[in-house]
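Line by line, the protein sequences are chains A and B. Letter by letter, the first sequence follows residues 1 to 362 in the working numbering. Letter by letter, the second sequence follows residues 1 to 362 in the working numbering. Each residue gets a CB set at the ideal place from its N, CA and C atoms; glycine is no exception. Quick caveat, the model's predicted, so the values are computed rather than measured. Single-structure report; data block below.
Number of protein chains: 2
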Amino acid sequence: MSLIMHTLHVELGERTYPVYIGRDLLSDNKLLAQHIAGSQVVLISNETIAPLYAERVRSALGDRQLITEIVLPDGEQYKSLDTLSDIFDRVMADKHSRNTTFIALGGGVVGDITGFAAACYQRGVNFIQVPTTLLAQVDSSVGGKTAVNHPQGKNMIGAFYQPQAVLIDINTLQTLPAREFSAGLAEVVKYGLISDEPFYRWLQEHMPRLLAREEAALAEAIERSCANKAQVVAEDEREGGLRAILNLGHTFGHAIETGQGYGKWLHGEAVATGMLLALELSARRGWIEATEVEDFRTLLLDIHLPVAPPADMDAEAFLELMAHDKKVIDGKLRVILLKAIGSACIVDDVTDTEIRGLLAPS
Amino acid sequence: MSLIMHTLHVELGERTYPVYIGRDLLSDNKLLAQHIAGSQVVLISNETIAPLYAERVRSALGDRQLITEIVLPDGEQYKSLDTLSDIFDRVMADKHSRNTTFIALGGGVVGDITGFAAACYQRGVNFIQVPTTLLAQVDSSVGGKTAVNHPQGKNMIGAFYQPQAVLIDINTLQTLPAREFSAGLAEVVKYGLISDEPFYRWLQEHMPRLLAREEAALAEAIERSCANKAQVVAEDEREGGLRAILNLGHTFGHAIETGQGYGKWLHGEAVATGMLLALELSARRGWIEATEVEDFRTLLLDIHLPVAPPADMDAEAFLELMAHDKKVIDGKLRVILLKAIGSACIVDDVTDTEIRGLLAPS
Numbered sequence: 001m002s003l004i005m006h007t008l009h010v011e012l013g014e015r016t017y018p019v020y021i022g023r024d025l026l027s028d029n030k031l032l033a034q035h036i037a038g039s040q041v042v043l044i045s046n047e048t049i050a051p052l053y054a055e056r057v058r059s060a061l062g063d064r065q066l067i068t069e070i071v072l073p074d075g076e077q078y079k080s081l082d083t084l085s086d087i088f089d090r091v092m093a094d095k096h097s098r099n100t101t102f103i104a105l106g107g108g109v110v111g112d113i114t115g116f117a118a119a120c121y122q123r124g125v126n127f128i129q130v131p132t133t134l135l136a137q138v139d140s141s142v143g144g145k146t147a148v149n150h151p152q153g154k155n156m157i158g159a160f161y162q163p164q165a166v167l168i169d170i171n172t173l174q175t176l177p178a179r180e181f182s183a184g185l186a187e188v189v190k191y192g193l194i195s196d197e198p199f200y201r202w203l204q205e206h207m208p209r210l211l212a213r214e215e216a217a218l219a220e221a222i223e224r225s226c227a228n229k230a231q232v233v234a235e236d237e238r239e240g241g242l243r244a245i246l247n248l249g250h251t252f253g254h255a256i257e258t259g260q261g262y263g264k265w266l267h268g269e270a271v272a273t274g275m276l277l278a279l280e281l282s283a284r285r286g287w288i289e290a291t292e293v294e295d296f297r298t299l300l301l302d303i304h305l306p307v308a309p310p311a312d313m314d315a316e317a318f319l320e321l322m323a324h325d326k327k328v329i330d331g332k333l334r335v336i337l338l339k340a341i342g343s344a345c346i347v348d349d350v351t352d353t354e355i356r357g358l359l360a361p362s
Numbered sequence: 001m002s003l004i005m006h007t008l009h010v011e012l013g014e015r016t017y018p019v020y021i022g023r024d025l026l027s028d029n030k031l032l033a034q035h036i037a038g039s040q041v042v043l044i045s046n047e048t049i050a051p052l053y054a055e056r057v058r059s060a061l062g063d064r065q066l067i068t069e070i071v072l073p074d075g076e077q078y079k080s081l082d083t084l085s086d087i088f089d090r091v092m093a094d095k096h097s098r099n100t101t102f103i104a105l106g107g108g109v110v111g112d113i114t115g116f117a118a119a120c121y122q123r124g125v126n127f128i129q130v131p132t133t134l135l136a137q138v139d140s141s142v143g144g145k146t147a148v149n150h151p152q153g154k155n156m157i158g159a160f161y162q163p164q165a166v167l168i169d170i171n172t173l174q175t176l177p178a179r180e181f182s183a184g185l186a187e188v189v190k191y192g193l194i195s196d197e198p199f200y201r202w203l204q205e206h207m208p209r210l211l212a213r214e215e216a217a218l219a220e221a222i223e224r225s226c227a228n229k230a231q232v233v234a235e236d237e238r239e240g241g242l243r244a245i246l247n248l249g250h251t252f253g254h255a256i257e258t259g260q261g262y263g264k265w266l267h268g269e270a271v272a273t274g275m276l277l278a279l280e281l282s283a284r285r286g287w288i289e290a291t292e293v294e295d296f297r298t299l300l301l302d303i304h305l306p307v308a309p310p311a312d313m314d315a316e317a318f319l320e321l322m323a324h325d326k327k328v329i330d331g332k333l334r335v336i337l338l339k340a341i342g343s344a345c346i347v348d349d350v351t352d353t354e355i356r357g358l359l360a361p362s
């Protein structure tokens with residue numbers, strides 16, 4: 001039996017949508033039916049997820065007139081314009097109308113590309129996110145960022161486009177590989193750091209329960225993560241200002257991902273190390289205590305996340321890669337730092353000298 | 001010297017933008033500067049337009065830090081995902097930031113693909129429309145529809161995305177080939193038919209001045225066309241309902257374009273014949289007088305527009321092609337008809353029998 005444990009709403013005026021968190025939601029036919037307007041569905045997943053969960057969603061869809069199932073190859077390298085083009089070929093071949101609904105069943109790659117396909121197909125059709133990884137559940141499924149990668153940069157081609165609903169089925173976390181689970185926890189911890197100190201303290205205390213994948217703890221952590229993100233997104237849907245704080249650790253993290261080649265480091269792993277660098281920089285500026293940096297390092301080690309950049313990347317490599325980041329505006333690099341635990345700020349005065357000091361071999 | 005003859009605003013809340021109509025606007029550096037936020041510009045045109053007008057815009061842009069000029073091949077067949085991908089390659093290679101501005105200098109194809117590229121690049125950057133054909137000036141430059149074609153259907157992949165401003169330089173019409181000019185007039189006449197009877201009567205009276213490309217008449221006709229379109233778009237940005245009336249003649253027209261292969265009939269030519277079919281159908285339902293249909297046929301002939309579908313397309317060909325149109329919702333074909341001159345309506349009860357009657361060999 002399915003069970004909704006938490007429901008929250010991402011408040012965006014007429015584009016407000018619900019996020020359901022609970023058990024067995026992906027086979028909840030009534031919940032799905034509430035958010036599917038027509039009789040046509042495009043179900044997009046990948047080779048890893050489809051064998052595990054696609055059948056349950058298909059059954060829950062019942063006897064709809066037209067269900068096109070698209071199974072993508074698994075991997076960040078397929079989050080491309082080419083894959084997008086393949087999706088449009090299938091959807092056009094099956095003659096889906098403007099009234100169709102796209103369902104993204106999978107992790108961040110499936111969610112991002114499905115969302116972008118839905119944003120563009122006939123200039124926008126409905127879609128539903130069913131994220132199956134912890135990272136997607138707390139990050140990419142809330143906020144309406146959709147995209148594909150360009151060979152020269154991640155997420156460079158995309159749209160802000162909101163789903164009709166997000167169904168977070170925490171059962172899917174039981175089949176998630178340990179490394180991906182840990183990477184997802186990096187983003188969970190991020191929400192505590194940027195905007196919710198009590199949640200951060202809760203995470204420090206309850207991390208063993210999360211690592212044991214206890215259902216109640218997972219639902220709680222996901223709900224508080226999504227609530228934090230939803231609040232930031234509601235205030236700044238199109239990343240005019242505040243929303244940038246969600247990028248804590250991402251400027252350094254993207255440099256690591258790009259420098260190493262997509263997929264070698266998981267996104268959450270790169271962000272974890274990036275956050276540690278951001279905290280270290282914040283401490284050097286005297287904004288947070290050095291002991292907080294050490295406690296955070298300990299937390300990352302408990303989660304089995306990396307606490308140092310790749311050995312082959314020096315400060316110059318970081319500076320070069322960061323210069324071509326979306327977060328550069330007219331030549332100025334924006335970095336997210338902490339004024340305190342639970343309080344992020346956006347700075348654009350980080351000097352190359354500071355970066356070199358931070359990344360110098362100790 | 002440049003001269004703004006008319007300014008109107010497309011009212012879309014925080015996305016409201018101005019449409020300037022006048023003389024020599026594309027070389028008006030002050031007007032351009034008002035709508036370019038940063039120091040980076042991507043100027044997109046095509047092989048036909050670039051030699052005529054690109055230098056003027058480039059000069060008006062002055063000494064901006066980074067100007068990337070992209071010249072597309074000319075033709076509807078290049079309004080594709082492949083061309084879009086080429087644009088992203090160029091823009092990424094030149095490292096344009098989120099603060100860049102795309103300028104579309106050309107007809108509908110350039111405007112549609114540039115607008116869609118701007119909508120997607122880094123999830124949305126600013127863009128300015130500088131339409132150089134009559135069709136683009138009165139149609140695609142107002143309303144925020146951007147798109148590329150899919151091999152199986154026109155405009156199937158796109159976004160609703162508004163420009164910062166539209167600069168309509170009527171001088172560019174002096175170099176427009178006669179056939180394209182006539183095709184543009186088809187859309188001008190459309191606005192009179194769907195929502196503005198006084199404008200339709202004005203057009204019947206002043207068509208000789210327009211065909212002679214008199215400056216004041218052109219500016220007047222463009223202003224009234226844009227004003228009519230802006231009003232419809234303001235009331236229904238995302239084509240929930242009312243906006244569909246802009247598709248008068250388009251369901252038949254798209255069938256002709258698709259059936260003949262893109263580019264054989266110009267869009268405006270196909271729409272002209274499509275509108276005549278829609279008026280004929282309206283008259284058969286008793287909603288408008290048969291004499292109005294005859295007067296409209298005469299007007300089309302004056303403009304040198306076609307007044308009959310291609311000889312090789314019978315009713316069955318139309319029915320098959322129309323069944324896979326964006327305007328089909330859950331199996332029901334929506335067609336725009338006239339309740340009176342200046343008053344369009346959306347109907348979804350047109351039967352195959354009616355279509356066969358309309359298109360039967362006489």
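The CB of B:Y121 comes closer than 8 Å to the CB of M156 and I157 in chain A, given here in chain order. In the structure shown, A:R23 falls within a strand segment according to DSSP collapsed to helix, strand and coil.
Counting along the chain, the unbroken alpha helix (DSSP H) around B:G268 starts and ends at H267 to R284.
Annotation: the continuous beta strand (DSSP E) that includes B:H150 extends over K145 to H150.
Within the region 198-265 of chain B, the runs of alpha helix (DSSP H) that reach at least 4 residues and sit entirely inside it are, in chain order, 215-235 and 250-260.
Taking C-beta atoms as the reference points, A:L279 and A:I288 count as a pair closer than 8 Å.
Between the region 112-125 of chain A and the region 136-149 of chain A, the count of Cβ pairs shorter than 8 Å is three or higher; the stretches touch.
In terms of Cβ geometry, A:I67 and A:L43 form a close pair [threshold 8 Å].
Chain A has a Cβ within less than 8 Å of the Cβ of B:Q152. In terms of Cα proximity to A:G357, the closest of A:G38, A:S140 and A:E316 is A:E316. Here the C-alpha atom of B:S343 lies approximately 11 Å from the C-alpha atom of B:L246. Interface annotation for the region 311-324 of chain A against chain B: A323 and H324, criterion Cβ-Cβ distance under 9 Å. Restricting attention to beta strand (DSSP E) runs no shorter than 3 residues, the region 49-87 of chain A encloses them at 66-72, ordered along the chain.
Taking a Cβ-Cβ threshold of 9 Å, none of the residues of chain B is close to A:S141; the smallest such distance is about 17 Å. Within chain A, the C-beta atoms nearer than 7 Å to that of B:A147 come from R123, in chain order. The distance from the Cβ of A:P18 to that of A:E47 is about 30 Å, inconsistent with a contact at the 8 Å cut-off.
Judged by their CB atoms, A:H250 and A:G274 are nearer to each other than the 8 Å cut-off. Contacts with chain B (Cβ-Cβ distance below 7 Å) from the region 71-90 of chain A involve L81, S85 and F88, listed in chain order. Residues of chain A whose Cβ lies closer than 7 Å to the Cβ of B:K95 are, in chain order, H324. As computed with DSSP, A:F102 is found in a beta bridge with A:V42 and A:F127. For A:D169, the enclosing beta strand (DSSP E) starts and ends at A165 to D169. For B:T298, DSSP assigns no beta-bridge partner whatsoever.
Taking a cut-off of 8 Å on C-beta distances, the region 219-232 of chain B does not touch the region 332-352 of chain B, as fewer than three cross pairs fall below it.
When secondary structure is reduced to three states using DSSP, B:K154 falls in the strand class.
Look at A:A344 here: in three-state DSSP terms it is strand. Counting along the chain, the unbroken beta strand (DSSP E) around B:T7 starts and ends at L3 to V10. Around B:S282, the same chain offers I288, L337 and L338 as residues with beta carbons nearer than 7 Å, after the five sequence neighbours per side are excluded. Taking the C-beta atoms as reference points, A:P131 is found nearer than 8 Å to A:V166.
Counting C-beta pairs closer than 8 Å gives fewer than three between the region 174-187 of chain A and the region 169-179 of chain B, which falls short of the contact rule. Contact between B:N29 and B:A60 holds, with the beta-carbon distance rounding to 4 Å and staying under 8 Å.
Within the region 196-215 of chain B, no residue places its CB atom closer than 8 Å to a CB of chain A.
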